[in-house]
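Asker:
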């Protein structure tokens, strides 16, 4: 369900893929998706085009997932700056995306990074 201002292209990617896995902030009962005026137009991804779903709260980081969390613009800027330079990217990846890392370590590294920016 899309509740923010931008529907992205997830529905188009899912329709064109042989297999599509999507993530969500939280799993809800189908009836909850259709509650409220104007709910149906927010249901862009069709269930027939989805192979599987995983619940990953905060999984959209550093992008937004309205209304659950806004875009993390400071971190996104750091990501973009690092991606422009191979040495900076290696440092960024070592800190935030190590081969043995997981979601918990990523979130902790981001939290520490934000503290350092204060």
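Numbering (this note's numbering), first residue to last: 17 to 134.
In this text, a Cβ means the ideal position worked out from N, Cα and C, and glycines have one as well.
Taking only runs of the beta strand (DSSP E) that begin and end inside the region 31-65, which ones reach a length of at least 3 residues, in chain order?
Answerer: DSSP runs (the beta strand (DSSP E)) wholly in the region 31-65: 37-40.
Asker: Taking 6 Å as the limit between beta carbons, can you name the residues of its chain near residue 21, skipping five residues before and five after?
Answerer: Excluding positions up to five away in sequence, the list is empty.
Asker: Compute the Euclidean distance between the alpha carbons of residue 17 and residue 119, then round it to the nearest angstrom.
Answerer: When rounded, the distance between both Cα atoms is 23 Å.
Asker: Starting from residue 126, trace the alpha helix (DSSP H) in both directions and tell me its first and last residue.
Answerer: Element bounds for residue 126: 119-133.
Asker: Do residue 36 and residue 66 count as a contact pair if the criterion is CB distance below 7 Å?
Answerer: Cβ distance < 7 Å, so residue 66 and residue 36 count as in contact.
Asker: According to the neighbour-count rule (16 or more other Cβ atoms, all chains shown, within 10 Å of its Cβ), is residue 82 buried or exposed?
Answerer: Classification of residue 82: exposed, given that the 10 Å Cβ count is below 16.
Asker: Could you tell me the boundaries of the beta strand (DSSP E) in which residue 70 lies?
Answerer: Run containing residue 70: 68-71, per the beta strand (DSSP E) assignment.
Asker: Less than 7 Å between C-beta atoms, sequence neighbours within five positions excluded: which residues of the same chain meet that for residue 125?
Answerer: Result list for residue 125: 111 and 112, in chain order.
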